[in-house]
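A short worksheet on the structure shown next.
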Amino acid sequence: MRDVPEAVVREAVARALAEDVGAGDITTEAVVDSGTPCRAEIVAKAEGVVAGLVVAEATFRAVDPEVSFEHAVSDGGEVSPGTVVARVAGEAASILTAERTALNFLQRMSGIATLTARYVKAVAGTGARILDTRKTAPGLRALDKYAVAAGGGTNHRMGLFDAVLIKDNHIRAAGGIAEAIDRAREAAGGSAEVEVEAQSLAQVEEAVAVGVDVIMLDNMGAEEIRAAVKLVGERARTEVSGGVSLDTVRELAECGVDYISVGALTHSAPALDLSLEMGSD
């Protein structure tokens, strides 16, 4: 699991605090005396997998560099109701101002990690790997994909720049699978993998004949997927996409595919219930 670059974390935190705090936290400034010391704990209220502690820590310290933040668990660690996730100490005003933004990052990222872990557990022993997609929160892709990795998933391409993925609209615009693949191969020059989406066995056969690294089997049923895997053999890797849920993922994995991509990991994961419980110093 790669760390999120520090500059990416700083930028995300700065944007979020600017959005939330703006010109100042008028409530805290009015009711909390400056210099009031405080200790607090971030506590899990549900079972799940934690991700985003570094981002939460960066949020508190962006508000006040003197705030201390102790990781009680590690990213990728499992928690249950009552588990202390982190301990925070510093001025009460600073902790209160940073609280919501820090929890927003931590709850979202932990929710993604938790859902990912459920999918990974569901396919355990099949050899299939769970992939994320580009269906991420705008501006937060690096954080979303880090959370997927924390949950045991595998990151697909980061963006349009680091892998070729020829989808149905590319195929239509290019005039067919073979033409699209040939043009992509020529442009990539071997510097990037080429993956193509196939929506039928006929398209799978055409893709195999031209030659690609990965064939995405889009919205196919289990029977058609098994036939596609047999047709492809060792000539390419296979990925299932579309119509994947926790109820169906095991059956799809048992068809013999290499990857299963799940957009829901980052676009529909419920936030993990976490709260900051504050006490006096």
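Residue numbers (the numbering used here): 1 to 281. Note that CB positions come from ideal geometry on N, CA and C, so glycine has one too.
- Cβ shell of Ile130 (< 7 Å), same chain only, five flanking positions each side left out: Position 130 of the sequence shown, counted from the first residue, corresponds to residue 130. Excluding positions up to five away in sequence, the list reads Thr116, Tyr119, Val120, Val123, Gly153, Thr154, Ile260, Val262.
- Task: Say yes only if the C-beta of Asp20 is nearer than 7 Å to one or more non-hydrogen atoms of the ligand MN, and no if none qualify.
- Result: With respect to the ligand MN, the structure shown offers nothing to examine, as it has no ligands at all.
- Query: Considering only the beta carbon of each residue, do Val88 and Val55 sit closer than 8 Å?
  - Reply: Locating residue 88 in the sequence shown gives position 88, counting from the first residue. Locating residue 55 in the sequence shown gives position 55, counting from the first residue. Their beta carbons are not under 8 Å apart, which means Val88 does not touch Val55 by this criterion.
- Query: In its own chain, which residues sit with a C-beta less than 8 Å from the C-beta of Asp20, not counting the 5 before and 5 after it?
  - Reply: On the sequence shown, residue 20 is found 20 positions in, with the first residue counted as 1. Taken in chain order, the residues that qualify are Arg100, Thr101.
- Message: Here's the rule I'm using: 16 or more other beta-carbon atoms within 10 Å means buried, otherwise exposed. How should Glu197 be labelled?
- Response: Position 197 of the sequence shown, counting from 1, holds the residue named residue 197. Buried, by the Cβ-count rule.
- Would DSSP call Ser3 helix, strand or coil? Sequence index remark: in the sequence shown, residue 3 carries index 3 (1-based). Position check: residue 3 holds Asp in this sequence, whereas Ser was assumed. Asp3 falls in the coil class under three-state DSSP.
- Message: Does Ala86 come out as helix, strand or coil in the three-state DSSP assignment?
- Response: Numbered from 1 along the sequence shown, position 86 holds the residue referred to as residue 86. The answer is strand: DSSP assigns Ala86 an E or B state.
- According to the neighbour-count rule (16 or more other Cβ atoms, all chains shown, within 10 Å of its Cβ), is Arg10 buried or exposed? If you number the sequence shown from 1, residue 10 lands on position 10. The residue is exposed, with fewer than 16 neighbouring Cβ atoms inside 10 Å.
- Please classify Ser94: does DSSP put it in a helix, a strand, or coil? Reading the sequence shown from its first residue, position 94 is the one you call residue 94. If DSSP states are grouped into helix, strand and coil, Ser94 belongs with the helices.
- What whole-angstrom Cβ distance do Gly52 and Leu106 have, given they're in contact under 8 Å? Against the sequence shown, residue 52 aligns to sequence position 52. Against the sequence shown, residue 106 aligns to sequence position 106. Going by Cβ atoms, the distance from Gly52 to Leu106 rounds to 5 Å, so yes, they are a contact pair.
- Item | Beta-carbon proximity list for Ala62, same chain, < 8 Å, skipping 5 on both sides | Mapped onto the sequence shown, residue 62 falls at position 62. Cβ within range, chain order: Arg10, Val13, Ala14, Leu17, Ala98.
- State the Cα-Cα distance for the pair Val249 and Ser241, rounded to the nearest angstrom. Here the question's residue 249 lines up with position 249 in the sequence shown. Here the question's residue 241 lines up with position 241 in the sequence shown. About 10 Å.
- Query: Is DSSP giving Phe161 helix, strand or coil here?
  - Reply: Counted from its first residue, the sequence shown places residue 161 at position 161. DSSP places Phe161 in coil when its eight states are reduced to three.
- Task: Give the range of the beta strand (DSSP E) segment to which Glu70 is assigned.
- Result: Residue numbering aside, residue 70 sits at position 70 when the sequence shown is read from its first letter. Its beta strand (DSSP E) spans residues 68 to 71.
- Counting Cβ pairs, one atom from each stretch, are 3 or more of them under 8 Å apart for the segment 138 to 148 and the segment 173 to 186? no
- How many angstroms separate the CA atom of Asp25 from the CA atom of Ser94? Here the question's residue 25 lines up with position 25 in the sequence shown. Here the question's residue 94 lines up with position 94 in the sequence shown. One C-alpha to the other measures close to 10 Å.
- Task: Could you say which of Glu91, Val8, Val79, Pro81 lies nearest to Pro37 if we only look at CA atoms?
- Result: By 1-based counting over the sequence shown, the position of residue 37 is 37. Among Glu91, Val8, Val79, Pro81, the Cα nearest to that of Pro37 is on Glu91.
- Message: For Ala227 and Glu195, which I take to be in contact (beta-carbon distance under 8 Å), what is that distance rounded to the nearest angstrom?
- Response: Mapped onto the sequence shown, residue 227 falls at position 227. Mapped onto the sequence shown, residue 195 falls at position 195. About 20 Å separates the two Cβ atoms, so there is no contact after all.
- Task: Taking only the alpha-carbon atoms, compute the straight-line gap between Val79 and Ala253 and give it to the nearest angstrom.
- Result: If you number the sequence shown from 1, residue 79 lands on position 79. If you number the sequence shown from 1, residue 253 lands on position 253. Roughly 27 Å between the two C-alpha positions.
- Task: Give me the Cβ distance between Arg237 and Asp213, rounded to the nearest whole Å; I'm assuming they're in contact under 8 Å.
- Result: To locate residue 237, count along the sequence shown from 1; it is residue 237. To locate residue 213, count along the sequence shown from 1; it is residue 213. Indeed, because the Cβ distance is near 7 Å, the residues count as touching under 8 Å.
- Query: Of the residues Gly211, Ala271, Arg157, Met158, which one's Cα is nearest the Cα of Val50?
  - Reply: In the sequence shown, the residue the question calls residue 50 occupies position 50. Nearest of Gly211, Ala271, Arg157, Met158 to Val50, Cα basis: Ala271.
- Message: Looking only at its chain, what residues have a beta carbon closer than 7 Å to the beta carbon of Gly243, apart from the 5 residues adjacent to it on each side?
- Response: Residue 243 sits at position 243 when you count from the first residue of the sequence shown. Correct list, in chain order: Asn219.
- Task: Using beta-carbon positions only, say whether Ile112 and Gly159 come within less than 8 Å of one another.
- Result: Taking the sequence shown and counting its residues from 1, one reaches residue 112 at position 112. Taking the sequence shown and counting its residues from 1, one reaches residue 159 at position 159. No, the pair does not count as a contact, with Cβ atoms beyond the cut-off.
- Query: Helix, strand or coil: how does DSSP classify Thr238 here?
  - Reply: Taking the sequence shown and counting its residues from 1, one reaches residue 238 at position 238. If DSSP states are grouped into helix, strand and coil, Thr238 belongs with the strands.
- Task: Report all residues from its chain with a CB closer than 7 Å to the CB of Arg185; omit the five preceding and five following residues, and keep chain order.
- Result: Residue numbering aside, residue 185 sits at position 185 when the sequence shown is read from its first letter. Hits under 7 Å: Val194.
- Have a look at Tyr146, Asp64, Ala192 and flag the residue whose alpha-carbon is nearest the alpha-carbon of Leu165. For the purposes of this step, residue 165 is taken as residue 165 along the sequence shown, with counting starting at 1. Cα-wise, what sits closest to Leu165 is Ala192.
- Message: What does the alpha-carbon distance come out to for the pair Thr83 and Val208?
- Response: By one-based count along the sequence shown, residue 83 stands at place 83. By one-based count along the sequence shown, residue 208 stands at place 208. In a straight line, the C-alpha of Thr83 is about 50 Å away from that of Val208.
- Where Phe161 falls, given that 16 or more other Cβ within 10 Å makes a residue buried: Reading the sequence shown from its first residue, position 161 is the one you call residue 161. The residue is exposed, with fewer than 16 neighbouring Cβ atoms inside 10 Å.
- Out of Val210, Cys255, Asp247, Gly221, state which residue places its alpha-carbon closest to the alpha-carbon of Val229. Against the sequence shown, residue 229 aligns to sequence position 229. Closest by alpha carbon: Cys255.
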